[in-house]
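**Student:** The opening residue of the sequence shown carries number 822 in our numbering; numbering runs sequentially from there.
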Amino acid sequence: MLTGSGAILRSLEILGITDVFGLPGGAIMPFYDELMSSPSIRHILVRHEQGAGHAAEGYASSTGKVGVAIATSGPGATNLVTAIADAHMDSVPLLAITGQVFSTVMGTDAFQEVDIVGITMPITKHSFLVRRAEDVPGVLQAAYHIATTGRPGPVLVDVTKDAQQNVAPFVWPAAVDLPGYRPVIKAHGKQVQAAAKMLARAKRPVLYVGGGVIRADASKELLEFAELSGAPVVTTLMARGAFPDSNTLHLGMPGMHGSVPAVLALQESDLIIALGARFDDRVTGKPSEFAPDAEVVHVDIDPAEISKIRTADVPIVGDVKEVLVDLAASFVTASASHAPDYATWWARLEELRERYPLGYDEPTDGLLAPQYVIERIGQLTGPEAIYAAGVGQHQMWAAQFIKYERPNSFLNSGGAGTMGYGVPAAMGAKVANPDRTVWAIDGDGCFQMTNQELATATINNIPIKVAIINNSSLGMVRQWQTLFYNGRHSFTDLNTGHDTAMIPDFVKLADAYGALAIRVTKKEEVDAAIALANETNDRPVVIDFIVSADAMVWPMVPQGVGNSSVQYAREHAPEWEEE
822 MLTGSGAILR SLEILGITDV FGLPGGAIMP FYDELMSSPS IRHILVRHEQ
872 GAGHAAEGYA SSTGKVGVAI ATSGPGATNL VTAIADAHMD SVPLLAITGQ
922 VFSTVMGTDA FQEVDIVGIT MPITKHSFLV RRAEDVPGVL QAAYHIATTG
972 RPGPVLVDVT KDAQQNVAPF VWPAAVDLPG YRPVIKAHGK QVQAAAKMLA
1022 RAKRPVLYVG GGVIRADASK ELLEFAELSG APVVTTLMAR GAFPDSNTLH
1072 LGMPGMHGSV PAVLALQESD LIIALGARFD DRVTGKPSEF APDAEVVHVD
1122 IDPAEISKIR TADVPIVGDV KEVLVDLAAS FVTASASHAP DYATWWARLE
1172 ELRERYPLGY DEPTDGLLAP QYVIERIGQL TGPEAIYAAG VGQHQMWAAQ
1222 FIKYERPNSF LNSGGAGTMG YGVPAAMGAK VANPDRTVWA IDGDGCFQMT
1272 NQELATATIN NIPIKVAIIN NSSLGMVRQW QTLFYNGRHS FTDLNTGHDT
1322 AMIPDFVKLA DAYGALAIRV TKKEEVDAAI ALANETNDRP VVIDFIVSAD
1372 AMVWPMVPQG VGNSSVQYAR EHAPEWEEE
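Here it is, written out as structure tokens:
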């Protein structure tokens, strides 16, 4: 016999959970009373529940394991909503456990009562409400199974306080039985064969790789298939690291701020093989003008994604890891009878590479180039590190200027675009990967949303490195205001950097949180600061890099236009008209 709270703890232990992030409160207090005596589960006490959610995401995204976030009822639970939505958009396996008021007072607007199951239903794979102690083991087993199988995602388990306090026999189900939930793993053989024949006959193919390849742990299979076929590869924002940047087949990141070769390769292709990608608007631009001459093979474990945006000529539902193995075997057969010829295509792609290399302009205001700072962080730290980005210009520069050689090394909020993701996600990644260096590449806007988690990192000996790319503004919004609103910078100045009162002073703030705090204003100081951060492992490190507010993310495709309108540099921007 166990209390419901004891059953939650026992269930987590059986599921192999070793780390959780949370903040206690009245409705979850019975579980916290059990948790304090657990010899096998480490609890990280965060300073805000959103931090718990993003930390759990960082933990999951850097390992492929389930991240666990815990909160109390009411505002505790609603503070998790942003992270849950973020995990839903980016297919992150997340288990959110929340306390709920006594079942006897539910529906009466009791103190800290919120219908968190109802609130999260559209942004989870499933949301459970547990009212009885005896239901706890089966629900947690099912929740873990749903979060980790098929297309990964968040699952919420809301447990009433009386269910936590009451006693019942602990019965662990022999197997998960969820009628109607049967993810398809093995793809239909005829569809795979059709795709292989199309690839062998294509003249201008592209492998369009999305974050599903990373979630499926299919990077090895992708590399083998790409090298077998000789087709070019593009990796989306969520797929950076799924394919090595150093491989000559890789054209870079496609989309709004993708490399010109990657963007135009998709535009000019005659065959797109989409692997765990969802034709997001940030990749396609105006959908009706995206890759007008291309046939599409769409591989995804989620049938709802196939033909949602772009009709697939060959739809393939299945685990991309399994599909790539089958596709490789079928391609060998198909190419034996029809040898592929991509020579002319590669000549065009090499021309694009030579003509449009990735680069940036030096600022004219004497301040640091943010691209240079981020590039040096990547070069001095190396591909074995983990880089977690906030959202905005610094996120795009981190995707562009750090070279990624392995999956799970670049963490960011792709679909939801959640400011404040960086610091807690880096913290969660460091908990999961204590032997890896972990950097948070953050902006001065993002950093101010979740920087309280520096206290969590210091107290719990989680020595992350934080690079604040401080342009004293909401940089991406400012860029759009410059380009599309005649330079009217409406409420985007943050007063955190050069020639301001520095409110707050990030060095003083970081020092108050127990971190090693450094400010860098000159190019010659950059390398030494990064080196010191990489050598410091007894506490977090925060470096305030004062960078130019005039720096912009290039290339760029404005929202609402076709990708053929990609512009390489600032001087072409006035030609655009945003739709």
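For each residue, glycine too, the CB sits at the ideal point set by N, CA and C.
For residue 1176, count the other beta carbons within 10 Å of its own beta carbon; 16 or more makes it buried, fewer makes it exposed. Which is it?
**Tutor:** Counting Cβ neighbours within 10 Å, residue 1176 comes out exposed, since fewer than 16 surround it.
**Student:** Are there three or more Cβ pairs, one per stretch, closer than 8 Å when the stretch 1013-1026 is compared with the stretch 1124-1132?
**Tutor:** Output reads no: the stretch 1124-1132 does not touch the stretch 1013-1026.
**Student:** Quick check on residue 920: does DSSP put it in helix, strand or coil?
**Tutor:** Here residue 920 sits in strand by DSSP.
**Student:** Which first and last residues belong to the alpha helix (DSSP H) in which residue 1146 is found?
**Tutor:** 1141-1158 is the span of the alpha helix (DSSP H), which, as asked, contains residue 1146.
**Student:** Check whether the Cβ atoms of residue 1106 and residue 1282 lie closer than 8 Å to each other.
**Tutor:** Their beta carbons are not under 8 Å apart, which means residue 1106 does not touch residue 1282 by this criterion.
**Student:** Helix, strand or coil for residue 1299? Go by DSSP, reduced to three states.
**Tutor:** Residue 1299 falls in the helix class under three-state DSSP.
**Student:** Quick check on residue 903: buried or exposed, where buried means 16 or more other Cβ atoms within 10 Å of its Cβ?
**Tutor:** Under this definition residue 903 is a buried residue.
**Student:** Less than 6 Å between C-beta atoms, sequence neighbours within five positions excluded: which residues of the same chain meet that for residue 1062?
**Tutor:** Taken in chain order, the residues that qualify are 1225, 1227, 1228, 1230 and 1231.
**Student:** Ignore the nearest five residues each way along the sequence and tell me which others in residue 1454's own chain have a CB closer than 6 Å to its CB.
**Tutor:** Since the first residue shown for the chain is 822 and the last is 1400, residue 1454 is missing from the structure and cannot be characterised.
**Student:** I need the straight-line Cα distance from residue 964 to residue 916, nearest angstrom please.
**Tutor:** Distance between the alpha carbons of residue 964 and residue 916 is about 7 Å.
**Student:** For the candidate residues 929, 940 and 876, whose alpha-carbon lies nearest to that of residue 1426?
**Tutor:** With the chain covering only 822 through 1400, there is no way to say anything about residue 1426.
**Student:** With distances taken from CA atoms, which of 1008, 966 and 987 is nearest residue 1002?
**Tutor:** Here the closest residue by C-alpha is 966.
**Student:** Can you look up residue 1383 in the DSSP assignment and give me helix, strand or coil?
**Tutor:** Residue state, collapsed to three classes: strand.
**Student:** Terminal residues of the continuous beta strand (DSSP E) containing residue 993?
**Tutor:** Counting along the chain, residue 993 falls outside any beta strand (DSSP E), and DSSP gives it neither H nor E.
**Student:** Since I believe residue 865 is in contact with residue 1321 (beta carbons under 8 Å), could you give me their beta-carbon distance rounded to a whole number of angstroms?
**Tutor:** The Cβ separation is near 34 Å, so there is no contact.
**Student:** Using CA coordinates, which residue listed in 1152, 1084, 1047 and 1087 is at the minimum distance from residue 1069?
**Tutor:** Nearest of 1152, 1084, 1047 and 1087 to residue 1069, Cα basis: 1047.
**Student:** Write down the C-beta distance between residue 1290 and residue 1363 rounded to the nearest angstrom, noting that I regard them as a contact closer than 8 Å.
**Tutor:** That pair is no contact at about 12 Å.
**Student:** Could you give the first and the last residue of the continuous beta strand (DSSP E) run that contains residue 1290?
**Tutor:** Element bounds for residue 1290: 1286-1291.
**Student:** Kindly indicate which residue of 837, 953, 827 and 873 has the alpha-carbon position closest to the one of residue 856.
**Tutor:** The candidate whose alpha carbon is nearest that of residue 856 is 827.
**Student:** Which parts of the stretch 874-939 are runs of the alpha helix (DSSP H), unbroken and 4 residues or longer, counting only runs that do not cross its ends?
**Tutor:** As far as the stretch 874-939 is concerned, its whole alpha helix (DSSP H) runs of at least 4 residues are 896-899 and 902-910.
**Student:** Assign residue 1343 to one of two classes, buried (16 or more other C-beta atoms within 10 Å of its C-beta) or exposed (fewer than that).
**Tutor:** By the 10 Å Cβ count, residue 1343 comes out exposed.
**Student:** Nearest-angstrom Cα distance between residue 1309 and residue 1297?
**Tutor:** C-alpha separation (whole angstroms): 14 Å.
**Student:** Tell me whether residue 1198 sits in a helix, a strand or coil according to DSSP, three-state version.
**Tutor:** Note: residue 1198 maps to helix in three-state DSSP.
**Student:** Determine, using beta-carbon pairs with one atom in the stretch 1212-1224 and one in the stretch 1367-1377, whether at least three such pairs fall under 8 Å.
**Tutor:** With the cut-off at 8 Å, the stretch 1212-1224 and the stretch 1367-1377 touch.
**Student:** Return helix, strand or coil for residue 1116, following the three-state DSSP convention.
**Tutor:** Strand.
**Student:** By how many angstroms is the C-alpha of residue 935 removed from the C-alpha of residue 954?
**Tutor:** Roughly 20 Å between the two C-alpha positions.
**Student:** Does residue 1400 come out as helix, strand or coil in the three-state DSSP assignment?
**Tutor:** With a pLDDT of 39 at residue 1400, under the threshold of 50, the predicted position of this residue should be treated as unreliable, though the coordinate-derived value follows. Looking at residue 1400 - three-state DSSP - the assignment turns out to be coil, as it is neither helix nor strand.
**Student:** Have a look at 1323, 1350, 1318 and 1279 and flag the residue whose alpha-carbon is nearest the alpha-carbon of residue 1332.
**Tutor:** Checking every option, the nearest Cα to that of residue 1332 belongs to 1279.
**Student:** Give me the Cβ distance between residue 1237 and residue 968, rounded to the nearest whole Å; I'm assuming they're in contact under 8 Å.
**Tutor:** Wrong, their Cβ atoms sit about 17 Å apart, outside the cutoff.
**Student:** For the candidate residues 1301, 1060, 887 and 1088, whose alpha-carbon lies nearest to that of residue 1169?
**Tutor:** The candidate whose alpha carbon is nearest that of residue 1169 is 1088.
**Student:** Helix or strand or just coil, what does DSSP make of residue 1260?
**Tutor:** Strand at residue 1260.
**Student:** Go ahead and pull the three-state DSSP assignment for residue 1280.
**Tutor:** Three-state DSSP puts residue 1280 in a helix.
**Student:** Buried or exposed: where does residue 1386 fall if 16 or more other Cβ atoms within 10 Å of its Cβ makes it buried?
**Tutor:** Under this definition residue 1386 is a buried residue.
**Student:** So what does residue 948 bridge to, in DSSP terms?
**Tutor:** 977.
**Student:** Determine which residues share a DSSP beta bridge with residue 865 and list them.
**Tutor:** For residue 865, which the question treats as bridged, DSSP gives the partners 842.
**Student:** Give me the Cα-Cα distance between residue 767 and residue 1052, rounded to the nearest whole angstrom.
**Tutor:** With the chain running from 822 to 1400 in the structure shown, residue 767 is simply not present.
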